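As given, the protein sequences belong to chains A and B, one line each in that order. Residues in the first sequence are numbered from 17 upward in steps of one, following the working numbering. Residues in the second sequence are numbered from 17 upward in steps of one, following the working numbering.
2 protein chains.
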Amino acid sequence: MAARPLTSPAPDGSGPARRKAEPRAAGSPRAQAVYNALRRAIIEQALKPGMKLPEDSIGEQLGVSRTLVREAFGRLAVEGLVELKPNRGANVAYPTLEEARDVFEVRRGLERLVAENLAGRLTAAQSAELEAHVRLEEKAHEQDGPESIRLSGEFHIKLAEMTGNALLLRYVQEASSRCSLILAIYGRPHSSECAVSEHRQLIEALRAGDAARAAALMDHHLQSVVTRALLAPRGERDIRDVLAPYALSEGLTPS
Amino acid sequence: MAARPLTSPAPDGSGPARRKAEPRAAGSPRAQAVYNALRRAIIEQALKPGMKLPEDSIGEQLGVSRTLVREAFGRLAVEGLVELKPNRGANVAYPTLEEARDVFEVRRGLERLVAENLAGRLTAAQSAELEAHVRLEEKAHEQDGPESIRLSGEFHIKLAEMTGNALLLRYVQEASSRCSLILAIYGRPHSSECAVSEHRQLIEALRAGDAARAAALMDHHLQSVVTRALLAPRGERDIRDVLAPYALSEGLTPS
DNA sequence: TCTTCAATAATCGCATACAATACTGTTCTT
DNA sequence: AAGAACAGTATTGTATGCGATTATTGAAGA
């Protein structure tokens, strides 16, 4: 991310749905590039949850001024990927367990909507695309790399795209990226979140046009993601929480 | 909005739910104030859909520099209240009919989630608060002022607050404000969107703990808002569209 | 009279400069 | 030696300036 200040191969736009990719909240290309860079860095955990984000050094790395960095921070903050505290600057967001539950609950509601919307409306091409994707997932699942996690996330994004509902897509993307953060904090080491078989079943229900079943499957699927991956609250956010046990074992008393 | 540059009586925070009102995407108080001012101006239609938003004059009016105005634009753009076109500046958003449908669809999904979440979990105090609110709505309904519209919007916000799910609340708020825009463009003159009786029924179902019925009611309620208010696409955005009929009646031929 | 083009004016994109605030290490007091 | 007050440093908040891009207007040519 150092020697390549500002390039991004048009990650948006080319959706297979009906819309013309109108860049609503785009800003200038450079601002967008900064935003993309930071967003990816956070999602890929190059920037770890809670990490400080100094405007100065980041701008320097990316070859832009603080102005653009701040702009990106603003957008990322709205999306819940960074926390912005007045006069204290920006940190990569560190969702609490409570927020994590909130995100998952909303995501369930959103994706249920996706399922209902798509049931019985999949074109042959879309159907094929989804199956191809699932096959990719299966391949990646065997090697159990980080690929697996990325792919199962993209499956859900693909579904949201196919609804042709731009807002729904945006919300699902947002929920999805926040889930990345959450799993980075609270998730088990390498549990590959989504069971591929559940994706298969879902496609089947969608193709059969069984909206109720598709919604129920999606619901159950995401529910099981929570219980499967989100059980061990390992990390602690606040310095105080981290140090509390050390203090205790050394006989120090927190104020 | 001219002689009062930057004051706002803390519109957020004091939710009756469980959270501590942590200001995640706050920014400095002044930036927040600019954001609030613009947001309110748009929702109350002091700034009409499609209207140009020059950084310079707005900053002047609000007593801040373009920097803060731009920051506010960024946030409002993410929320879909302004459109930000590179090198062309900002306009109040002018959702297309297609986008309007998208927003309503997502909103239905979100509020169904609210209903399910709340069913059987309302405290006595919350229940009373809702009923008091409905009574207010009834009072306002008789005079049929703009109060009526605001109140029926707030009913839905109140419900979302009561879930205690901060993200859900944010999304519902966002959807709700965009609905204001949409109704300003495509809505009938003074149809007071929500039928108060439907709000009553909904409260009843929530109190009874009938999640399915509550969800169905909410679904139907919002669906009927669409058909009730969103039938006549009156307004046209582009100057050309506005003038087309005039041209025609004068025998002029648009290119 | 309509089109094309150039000059001007207005506006935006972005960097930078300055002011305000928070942090850290030190010294002074008790 | 512990705590408080202070100063220096680092970082953020905001305004402003300059170059770049776009809209507008008026004039020349068809």
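For each residue, glycine too, the CB sits at the ideal point set by N, CA and C. These numbers come from a predicted model, not from an experiment.
Checklist entry - According to DSSP, which residues form a beta bridge with V98(A)? => result As a working mapping, residue 98(A) is identified with position 82 in the first sequence. Residue pairing for V98(A): DSSP places it in a beta bridge opposite V108(A).
Item to check | From S164(A), T139(A), Q159(A) and A135(A), residue whose alpha carbon lies closest to that of H149(A) | outcome: For the purposes of this step, residue 149(A) is identified with residue 133 of the first sequence, where counting begins at 1. Nearest option by C-alpha distance: S164(A).
Checklist entry - According to the neighbour-count rule (16 or more other Cβ atoms, all chains shown, within 10 Å of its Cβ), is Y262(A) buried or exposed? => result Sequence index remark: in the first sequence, residue 262(A) carries index 246 (1-based). That one is exposed.
Next on the checklist: Considering only their Cβ atoms, is the gap separating I58(A) from L197(A) smaller than 9 angstroms?
Outcome noted: Walking along the first sequence from the start, residue 197(A) turns up at place 181. Walking along the first sequence from the start, residue 58(A) turns up at place 42. Yes; because the gap between Cβ atoms is below 9 angstroms, this pair is in contact.
Checklist entry - In chain order, what residues of the same chain have a beta carbon less than 6 angstroms from the beta carbon of G203(B), not counting five sequence neighbours either side? => result Taking the second sequence and counting its residues from 1, one reaches residue 203(B) at position 187. The answer, listed in chain order, is A245.
Checklist entry - If the cut is a Cβ gap below 8 angstroms, which residues of chain B does P45(A) touch? => result By 1-based counting over the first sequence, the position of residue 45(A) is 29. Here the neighbours are P102.
Checklist entry - Which class does L138(B) belong to by DSSP, given the choice of helix, strand or coil? => result As a first step, residue 138(B) is located in the second sequence; it is residue number 122 there, counting from the start. L138(B) falls in the coil class under three-state DSSP.
Item to check | 9 angstroms Cβ cutoff, E95(A) in contact with chain B | outcome: Numbered from 1 along the first sequence, position 79 holds the residue referred to as residue 95(A). So, interface residue.
Checklist entry - In whole angstroms, what is the alpha-carbon distance linking M67(A) and G105(A)? => result In the first sequence, the residue the question calls residue 67(A) occupies position 51. In the first sequence, the residue the question calls residue 105(A) occupies position 89. If I take the Cα positions, the gap works out to 11 angstroms.
Item to check | Nearest-angstrom Cβ-Cβ length linking L233(A) and A221(A), presumed shorter than 8 angstroms | outcome: Start at 1 with the first residue of the first sequence, and residue 233(A) comes out as number 217. Start at 1 with the first residue of the first sequence, and residue 221(A) comes out as number 205. Indeed, because the Cβ distance is near 6 angstroms, the residues count as touching under 8 angstroms.
Item to check | Whole-angstrom C-beta distance between L84(B) and A50(B), which should lie under 8 angstroms | outcome: Start at 1 with the first residue of the second sequence, and residue 50(B) comes out as number 34. Start at 1 with the first residue of the second sequence, and residue 84(B) comes out as number 68. Looking at the sequence shown, residue 50(B) is not Ala but Val. About 5 angstroms separates the beta carbons of V50(B) and L84(B), which is inside the 8 angstroms limit, making them a contact pair.
Item to check | Closest by C-alpha distance to M178(B), when choosing among L138(B), L113(B), R91(B) and L126(B) | outcome: Stepping through the second sequence from its first residue, residue 178(B) is reached at position 162. The residue with the shortest Cα to Cα distance from M178(B) is L138(B).
Item to check | Which listed residue (S213(B), Q77(B), E121(B) and N52(B)) has its alpha carbon closest to that of L146(B) | outcome: In the second sequence, the residue the question calls residue 146(B) occupies position 130. Of S213(B), Q77(B), E121(B) and N52(B), the residue nearest in Cα terms is S213(B).
Next on the checklist: Pull the bridge partners of K68(B) from the DSSP assignment, please.
Outcome noted: Here residue 68(B) corresponds to residue number 52 of the second sequence, with the count starting at 1. Beta-bridge annotation (DSSP): K68(B) is paired with N107(B).
Item to check | Buried or exposed (CB count within 10 angstroms, at least 16 for buried), Q159(A) | outcome: Numbered from its first residue, the first sequence carries residue 159(A) at position 143. Exposed: under 16 other Cβ atoms inside 10 Å.
Item to check | Range of the contiguous alpha helix (DSSP H) that encloses A62(B) | outcome: Against the second sequence, residue 62(B) aligns to sequence position 46. First-last for A62(B): undefined, no H or E at that position.
Next on the checklist: Is there a Cβ of chain A sitting closer than 9 angstroms to that of L126(B), yes or no?
Outcome noted: Mapped onto the second sequence, residue 126(B) falls at position 110. Residue contact check for L126(B) against chain A: a CB pair falls below 9 angstroms.
Checklist entry - Taking the C-alpha atoms as reference points, what is the distance between A176(A) and A135(A)? => result Taking the first sequence and counting its residues from 1, the one referred to as residue 176(A) is at position 160. Taking the first sequence and counting its residues from 1, the one referred to as residue 135(A) is at position 119. Roughly 12 angstroms between the two C-alpha positions.
Item to check | Under 7 angstroms (Cβ pairs) to chain A, residues found in the segment 173 to 194 of chain B | outcome: Contact residues of the segment 173 to 194 of chain B toward chain A are N181, A182, L183, L184 and Y187 (C-beta to C-beta distance below 7 angstroms).
Checklist entry - Closest to G169(B) by CA distance: which of E60(B), A47(B) and A53(B) is it? => result The residue labelled residue 169(B) in the question sits at position 153 within the second sequence. Ranking the options by Cα distance to G169(B), first place goes to E60(B).
Item to check | Run of the alpha helix (DSSP H) containing G169(B), from where it starts to where it stops | outcome: As a working mapping, residue 169(B) is identified with position 153 in the second sequence. Residues P162 to M178.
Next on the checklist: Looking at chain B, is there any beta carbon in it that lies within less than 9 angstroms of the beta carbon of V119(A)?
Outcome noted: Within the first sequence, residue 119(A) is the residue found at index 103, counting from 1. V119(A) counts as touching chain B.
Checklist entry - Going along chain B, which residues have a C-beta under 7 angstroms from R91(A)? => result Counting from one through the first sequence, the residue named residue 91(A) turns up at place 75. Here the neighbours are G90 and V94.
Next on the checklist: Distance cutoff 9 angstroms, beta carbons only. Does E115(B) sit that close to anything in chain A?
Outcome noted: On the second sequence, position 99 is the one that residue 115(B) refers to. Nearest CB-CB separation between E115(B) and chain A: below the 9 angstroms threshold.
Item to check | Alpha-carbon to alpha-carbon, N133(B) and R82(A) | outcome: Along the first sequence, one-based indexing puts residue 82(A) at 66. Along the second sequence, one-based indexing puts residue 133(B) at 117. Roughly 42 angstroms between the two C-alpha positions.
Item to check | Beta carbon of R194(A) nearer than 9 angstroms to that of V119(A) | outcome: For this step, residue 194(A) is matched to residue 178 along the first sequence. For this step, residue 119(A) is matched to residue 103 along the first sequence. Their beta carbons are under 9 angstroms apart, which means R194(A) touches V119(A) by this criterion.
Checklist entry - Considering only the beta carbon of each residue, do L218(A) and A227(A) sit closer than 9 angstroms? => result Stepping through the first sequence from its first residue, residue 218(A) is reached at position 202. Stepping through the first sequence from its first residue, residue 227(A) is reached at position 211. When the beta-carbon positions are compared, L218(A) and A227(A) stay at least 9 angstroms from each other.
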